[in-house]
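Q: In the numbering used here, the protein residues as written are 77 to 178. Don't be surprised by glycine CBs; every beta carbon is placed ideally from N, CA and C.
Have a look at this one:
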């Protein structure tokens with residue numbers, strides 16, 4: 077039997093493949109927004125503590141800055157942020173403060 081962690085990773089990997097409409101191995105912002113507007117996907121991400129109210133912001137948090145999310149970025153980012161909506165808010169605040177300091 078598959079343990080819960082492996083099942084969650086498999087689900088995330090399947091979600092990544094579904095989101096990657098172009099099949100190029102990366103999720104663009106447009107592809108990310110398209111998938112995060114689906115109710116089933118929104119509720120699944122919500123169970124992981126990933127809020128999809130602002131898909132652009134969530135995309136920026138998962139992306140390493142090159143404008144596309146690879147499966148590694150997606151899996152690592154999603155598991156790091158899992159259940160930490162507060163940490164998500166903190167990251168936004170830190171980024172906002174950094175921008176203000178520039």
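1) In this structure, what does DSSP give as the bridge partners for residue 146?
2) Between which two residues does the alpha helix (DSSP H) harbouring residue 179 extend?
3) Between 79, 80, 88 and 130, which lies nearest to residue 120 when the distance is taken from Cα to Cα?
4) Spatial neighbours of residue 149 within its chain, please: C-beta separation below 7 angstroms, excluding the five flanking residues on both sides.
5) If you draw a straight line from the C-alpha of residue 95 to the C-alpha of residue 78, how long is it?
6) Buried or exposed: which applies to residue 185, given that a residue is buried once 16 or more other Cβ atoms fall within 10 Å of its Cβ?
A: So, from the listed chains and residues:
1) Checking the DSSP bridge columns, you'll see residue 146 partnered with 102.
2) Residue numbering for the chain in the displayed model covers 77 to 178; residue 179 lies beyond these limits and cannot be assessed.
3) Nearest of 79, 80, 88 and 130 to residue 120, Cα basis: 88.
4) So the list reads 138, 139 and 140, once near-sequence residues are dropped.
5) Between residue 95 and residue 78, the C-alpha separation is close to 24 angstroms.
6) A question about residue 185 goes unanswered here, because the residues of the chain that appear run from 77 up to 178.
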